[in-house]
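Notes follow once the structure below has been shown.
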Amino acid sequence: LTRDDMFIRAVKSSEKTDKGEYLHAACINPHDVVSFIRNQDGAVHMSGTLQPLDQYVKVLSLPKDTVTEIYPSPFPKENRKVVYMTNVTTRYQDMKANPAIFNVMERHIAKLCNMVHKNTLVFFPSYGLMKQMRPYLERDIRKPLYWEESGRPNQTVQQLTAFRTGRDGVFCSVMGGSVAEGIDFPGEELCFAIIVGIPFPPPTLENNAMSQMYDEKYGAWTGWRYVSLAPAMRKMKQAIGRLIRTETDRGMAVIMDSRVSKYAKELEAVPTQDVLMDAAKFFENQS
186 LTRDDMFIRA VKSSEKTDKG EYLHAACINP HDVVSFIRNQ DGAVHMSGTL QPLDQYVKVL
246 SLPKDTVTEI YPSPFPKENR KVVYMTNVTT RYQDMKANPA IFNVMERHIA KLCNMVHKNT
306 LVFFPSYGLM KQMRPYLERD IRKPLYWEES GRPNQTVQQL TAFRTGRDGV FCSVMGGSVA
366 EGIDFPGEEL CFAIIVGIPF PPPTLENNAM SQMYDEKYGA WTGWRYVSLA PAMRKMKQAI
426 GRLIRTETDR GMAVIMDSRV SKYAKELEAV PTQDVLMDAA KFFENQS
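Last residue of the sequence shown? That's 472 in the numbering used here, and every number before it is there in order.
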């Protein structure tokens, strides 16, 4: 394992392919790669997922007088509702210490999907947890059920097409994947989203190296905020954003993780004491 100011290099091995051992290089500092931006007279950077803006400015080494602005959504606020549950979490240590959390989440997912007669997307933080929960959801959800298949894009497209043409199905996906970040679901194609946990990235050589570098440059805990928290928040916002694509769309998202209380303002989420009742109220009188 070696690291310089721009790259981390490591010898890795792959169990999934016949590569054997191979040299892996990952850019951990884009400063030189994006130098052309700093040589322009001016530039406008726009995206719904640039936050935190202080990280964006620092990592790209933009001028200190760079103007940063956050603009609110132009769509009616009453058309979207985001709530989070306070009695469950996908934190590994908690799920290991209390296996009943898994059962509570699975039951709530099934109950919500069966109660809300709208197209529903269930977003998992990883393929591992989705695979673990799949047989129980297939047993308990009483409506058409579709899946994002890891490494099988053609099958995923077929499943997605069938889901979008219906109006009371459930599609299970992973945050950070192509469905969560690259597909629009206007109108009745999607009305309800269930987000199972916070998708903090797993520890890797690259992430650890970046975290250490940011701590050294910007102070303690900056690395965790930039490398772990920021990507997780972006993935959750992308998933929630699938709900509202036009000014007439209405949608509700349920986040199943009590840790969201720390980030509720950023996600515009409120706690729920009775998630089934809140969902029923939001969708009442909707055909």
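Don't be surprised by glycine CBs; every beta carbon is placed ideally from N, CA and C.
query, result
"Boundaries (first-last residue) of the beta strand (DSSP E) holding ILE193", "192-199"
"ALA378 and ARG427 closer than 8 Å at C-beta", "yes"
"Reduced DSSP category for THR251 - H, G, I as helix; E, B as strand; rest coil", "coil"
"Of the residues LYS262, THR407 and MET441, the one placed nearest PRO237, counting alpha carbons only", "THR407"
"Beta-bridge pairing of TRP332 - partner residues as DSSP gives them", "CYS357"
"Spatial distance of PRO338 from VAL364 (CA atoms)", "11 Å"
"Opposing strand residues paired with ALA438 [DSSP bridges]", "VAL267 and ALA378"
"Three-state secondary structure (DSSP) of VAL219", "coil"
"Local conformation of PRO456 per DSSP, three classes", "strand"
"Neighbourhood of GLY205 by C-beta distance below 8 Å, restricted to the same chain and skipping five residues each side", "SER198 and SER199"
"Simplified DSSP assignment, three categories, for GLU464", "First, the residue type needs correcting, since residue 464 is Ala and not Glu in the sequence shown. Helix, per DSSP."
"Best match in ARG327, MET318, MET191 and ASN299 for proximity to VAL219 [C-alpha to C-alpha]", "MET191"
"Between the CA atoms of ASP442 and VAL455 - distance to the nearest angstrom", "12 Å"
"Same chain only: Cβ atoms within 7 Å of ALA347, ignoring 5 sequence neighbours per side", "TYR331"
"Integer Cβ distance of SER358 from GLU333, believed to fall under 8 Å", "4 Å"
"Beta-carbon contacts of HIS209 that lie in its chain and below 6 Å, excluding the five residues immediately before and after", "ALA195 and LYS197"
"According to DSSP, residues forming a beta bridge with LEU306", "PHE356 and ALA378"
"Cβ-Cβ separation, PRO284 to VAL244 (assumed contact under 8 Å), whole Å", "That pair is no contact at about 39 Å."
"DSSP-derived helix/strand/coil call for ARG188", "strand"
"LEU314 versus ASN224: straight-line alpha-carbon distance, rounded", "45 Å"
"Three-pair Cβ contact test at 8 Å for the region 424-439 versus the region 369-385", "yes"
"Strand pairing of GLU206, partner residues [DSSP]", "SER198"
"Any 3 or more C-beta pairs closer than 8 Å across the region 244-260 and the region 269-282", "no"
"Beta-carbon spacing of ILE213, ALA464 below 8 Å", "no"
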